[in-house]
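S.K.: By numbering that gives the first Met the number 0, the letter at position 306 of the sequence shown is numbered 305, and the numbering carries on one by one without gaps. Mind having a look at this structure? Questions to follow.
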Amino acid sequence: MTDRDIPLSTLLVHLEDLVRNGLALWDLPRDVTPRLINVSENTTWLIENTRGFRAVLRVHREGYHSKRAIACELAWIEALRGADVVPTAKMFTGRNGKVIQQAGTPGLPSARYLVLFEHLPGAAPDQTSDMTAGFSTVGAMAARCHTHVLGWQKPRPFERLVWDEEAVFGSAPTWGNWRDAPGVDEPARQVLEDVERVVCKRLDAYGKTPDRFNLIHADMRLANLLQDAEGTRLIDFDDCGTGWFMYDFAAAISFIEDDPAVPALRRAWLEGYRSVRRLDPHDEAEIDTFIMLRRMALLAWIGSHIEAPEPRTLAPHFARNTVRLGRDWLLRAGA
């Protein structure tokens, strides 16, 4: 039995039991209580008491990351913090001296990895208003991360997800097969097969040299920024992995690729990026390719995560809009 065999409502009850019992793994105030704040690849819980203590607990999804992969993510976070590249959350060390903990509970098929982060102040930028300033900030943060990783000695062995054409279109795609997503009928499939073919052709020509294909955050959306009067902080490195640097822009516009504001957001992101790191014209020329690669990955993600609230909300129109985006991109690409 796996998590997929358990109804989400039942799964969350078991996970809450795991969290309540697992809090003893850290030296925390005795009166803290958990509250679920997000369900995606993982579940995220706010740990708090009435006297002002707050922390954020990430309970890892079954089988998504190995313990080694999580350790590599946390090593990069610590390196970014230590070099003052971007402000981000530190981790709590457990009673056993480890930052990665493990706990199980009756009703779940396997134990889970747990990581407890400090709770950072601030709120995500308002995505109902002008987002250009936020995207300029994201672009500059992305450039600082990319510059850092080019000189960072990665821990060995280094294990993280790889965000490339094989991860999206290969025989064992990370988020599933886009053909299985809701709304992918035969006419849609024909268009998207062409999109897949042209994306792969362009990416093969673009290549994977280390100055354009390296460790990236891979989910640098405004939802993963926290802003207040003191500045902007970057959170949620759970999807960080090896990918093209320009994929970080595509990830930044996840789910809003068809928003009329995207051209302005792109200009703002690039302006912020160039304020830190030079961009080659070939890099900019393939940004639309990365947008389509990411969009196809998201289509697959919706199909393979349809039990969660966000995919269910997005599902009714996502495939149809992806086809429209794909047709427009194929015309611009001359395919």
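The C-beta atom is built at its ideal place from N, Cα and C for all residues, glycine as well.
Can you tell me the Cα-Cα spacing of Val137 and Met219, whole angstroms?
M.R.: Whole-angstrom Cα-Cα distance: 7 Å.
S.K.: Name the two residues that bound the continuous alpha helix (DSSP H) containing Leu329.
M.R.: Where Leu329 is concerned, the enclosing alpha helix (DSSP H) stretches over 308 to 331.
S.K.: Using a Cβ-Cβ cutoff of less than 6 Å, which residues in the same chain neighbour Ala249 once the five nearest sequence positions on both sides are dropped?
M.R.: Phe289, Ile290, Arg293.
S.K.: Looking only at DSSP bridge pairs, what is Gly230 linked to?
M.R.: The partner list for Gly230 (beta bridge, DSSP) reads Asp227.
S.K.: Measure the C-alpha to C-alpha separation of Ala263 and Thr131 and round it to an integer number of angstroms.
M.R.: So the alpha carbons of these two residues sit roughly 7 Å apart.
S.K.: Only counting the same chain, and skipping five residues up and downstream in sequence, which positions put a Cβ closer than 6 Å to that of Asn57?
M.R.: First, the residue type needs correcting, since residue 57 is Arg and not Asn in the sequence shown. Asn41, Thr43, Val114.
S.K.: By a C-beta neighbour count over all protein chains shown, 10 Å radius and 16 as the cutoff for buried, is Leu285 buried or exposed?
M.R.: According to the sequence shown, residue 285 is Glu rather than Leu. Buried is the call here.
S.K.: Mapping the DSSP letters down to three states, classify Ala141 as helix, strand or coil.
M.R.: Three-state DSSP puts Ala141 in a helix.
S.K.: Measure the Cβ-Cβ separation of Trp162 and Ala217 and say whether it is below 7 Å.
M.R.: Yes.
S.K.: Do Glu270 and the ligand MN come close, with the Cβ less than 6 Å from some heavy atom?
M.R.: Here there are no bound small molecules, and the ligand MN is not part of this structure.
S.K.: For Phe212, which residues from the same chain have a beta carbon less than 6 Å from its beta carbon, with the 5 sequence-adjacent residues on both sides left out?
M.R.: Excluding residues within five positions, the ones whose Cβ falls inside 6 Å are Trp243.
S.K.: Report the CB separation of Ala307 from Ala180 in whole angstroms; it is logged as a contact under 8 Å.
M.R.: That belief does not hold up - the Cβ atoms of Ala307 and Ala180 are roughly 14 Å apart, past 8 Å.
S.K.: According to the neighbour-count rule (16 or more other Cβ atoms, all chains shown, within 10 Å of its Cβ), is Glu277 buried or exposed?
M.R.: Reading off the sequence, residue 277 comes out as Arg, not Glu. Exposed, by the Cβ-count rule.
S.K.: Is it buried or exposed for Ala228, if we count other Cβ within 10 angstroms and need 16 for buried?
M.R.: Flag for Ala228 reads exposed.
S.K.: Cutting at 6 Å between CB atoms, please list the residues of its own chain near Arg67, excluding the five before and the five after it.
M.R.: These residues qualify, in order along the chain: Glu158.
S.K.: Just verifying my parser: in three-state terms, what is the DSSP assignment at Gln189?
M.R.: The answer is helix: DSSP assigns Gln189 an H, G or I state.
S.K.: Quick one: what does DSSP say Gly150 is sitting in, helix, strand or coil?
M.R.: Looking at Gly150 - three-state DSSP - the assignment turns out to be helix.
S.K.: Between which two residues does the alpha helix (DSSP H) carrying Gly21 extend?
M.R.: Unbroken alpha helix (DSSP H) run through Gly21: 7 to 21.
S.K.: Of all the options Thr173, Arg273, Val98, Met245, which has the alpha carbon lying nearest to the alpha carbon of Tyr112?
M.R.: Tyr112 has its Cα closest to that of Val98, out of Thr173, Arg273, Val98, Met245.
S.K.: Taking the straight line between their C-alpha atoms, what separation do you get for Tyr63 and Asp258?
M.R.: Approximately 31 Å between the Cα atoms of the pair.
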